[in-house]
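With our numbering applied, the sequence shown covers 5 to 147.
Using N, Cα and C, we set each Cβ at its ideal position, and we do this for glycine too.
One structure is given below, encoded as structure tokens.
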Amino acid sequence: MILTSFGLGIFLGFIFFELTGLTAGGIIVPGYIALYIHQPMRILITVVLSLLTYLIIIFLSRYMVLYGRRRFLTAILLGFLMRAAFDWLRIYLPENTLDLQAIGYIIPGLIANEFFRQGVPKTIAGMTIVSITVFFILMLFYS
């Protein structure tokens, strides 16, 4: 089911891009989101970490030249560090919140990079549409 989710996410993300000109948050993001659609807090935390990464890069771009591959690498590294910091801070939260996690270490950076390319609302809309479509197709195949 995991491979099918990734494959469908890549394929449907490409079709969505061809039809609308919008990406779905990164090449593998819709597949990951579809796998965690039953855990909305994980999706929300991932999007929040992506937004924080995006805002930090906007701040850094005032003092550094960040574009193209530099910006992409910065987004991936900051997304990774944001997830690691969130995991570290999570151990100080009450026990019932220990299940709070983001999706992956690379996903927040990929989403943040797409925020730069097409804007936050369009990225979230594309990611939502493709991820839900992948989820429904997975349910048809596996239930």
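DSSP places residue 32 in the coil class of the three-state scheme, outside both helix and strand. Sequence-distant Cβ neighbours of residue 64 in its own chain, meaning closer than 8 angstroms and more than five residues away, are 70 and 78.
By the 16-neighbour rule on beta-carbons within 10 angstroms, residue 113 is buried. By the Cβ-count criterion, residue 61 is buried, with 16 or more other Cβ atoms from all chains shown falling within 10 Å of its own Cβ. The Cβ-Cβ distance between residue 118 and residue 30 falls below 7 angstroms. DSSP assignment within the region 58 to 133 yields the following whole alpha helix (DSSP H) runs of 4 residues or more, N-terminal first: 72 to 94 and 111 to 122. Of the residues 107, 111 and 17, the one whose Cα lies closest to the Cα of residue 42 is 107. Put simply, the backbone Cα of residue 25 is about 43 angstroms away from that of residue 98.
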